[in-house]
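Visitor: Quick one: the structure is below, and I'll ask about it shortly.
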Amino acid sequence: LETAPELPAETLAKLCYSQMFSGCSELTTAPTLPAETLASFCYQGMFSGCTALETAPELPAETLAECCYQEMFRDCSALSSVTMLATDVSAEMCLQDWLNGAGTNVQEGKIHTLTLNNQEVRNKIIYYLPEGWSVRCKY
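Its first residue numbered -5, the sequence shown is counted upward by one per residue in the numbering used here.
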């Protein structure tokens, strides 16, 4: 699988996309993820091990749910950018290991960029960021 199908849901159910593309090492293009209402574990491990994925889909949800992004991009070694626009990141383990192993094969000298909504969110999630990722805030 190189290109994922459309996933148009705007309100998600518990575990709905969990592990959906996990291990798809040929996936180069992720689907748009328009959901703004998340549920527990909804995207957990969704792209883990997608070693050819370079750019993550924009994550527009403002409020994160329990474990919703847990391991979402784990071991996506070619990943170089993620945009996560949440303003409420207080849900339990919502970002646990979400970028572990991400970007490890990105060309040397290329910057790994995480775009966040604001500085307040950055301060809350800084401990969830692996080495080598820079943070940019939209506001």
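Each residue gets a CB set at the ideal place from its N, CA and C atoms; glycine is no exception.
Among the residues of its own chain, which have a CB less than 6 Å from the CB of Thr98, if the five just before and after it don't count?
Guide: Hits under 6 Å: Ser71.
Visitor: How close, in whole Å, do the beta carbons of Phe15 and Ala(-2) come, if the pair is a contact with beta carbons under 8 Å?
Guide: About 6 Å separates the two Cβ atoms, so the contact holds.
Visitor: Would a C-beta distance cut-off of 8 Å place Phe41 and Cys62 closer than the cut-off?
Guide: Taking 8 Å as the Cβ cut-off, Phe41 and Cys62 do not qualify as a contacting pair.
Visitor: Which whole-angstrom value is the C-beta distance of Glu(-4) and Leu21, which I expect to be below 8 Å?
Guide: The pair is a contact, with the Cβ atoms about 6 Å apart (cut-off 8 Å).
Visitor: In chain order, what are the residue ranges of uninterrupted beta strand (DSSP E) at least 3 long that sit wholly in the region 59 to 86?
Guide: Complete beta strand (DSSP E) runs here, min 3: 75 to 78.
Visitor: Taking the alpha carbon of Tyr133 as the point to measure from, which residue in Met78, Ala96, Leu93 and Glu86 has its own alpha carbon closest?
Guide: Taking only the C-alpha atoms, the option nearest Tyr133 is Met78.
Visitor: Going by C-alpha to C-alpha distance, which of Tyr11, Val76, Ser12 and Thr23 sits closest to Glu52?
Guide: The shortest C-alpha separation from Glu52 is found at Val76.
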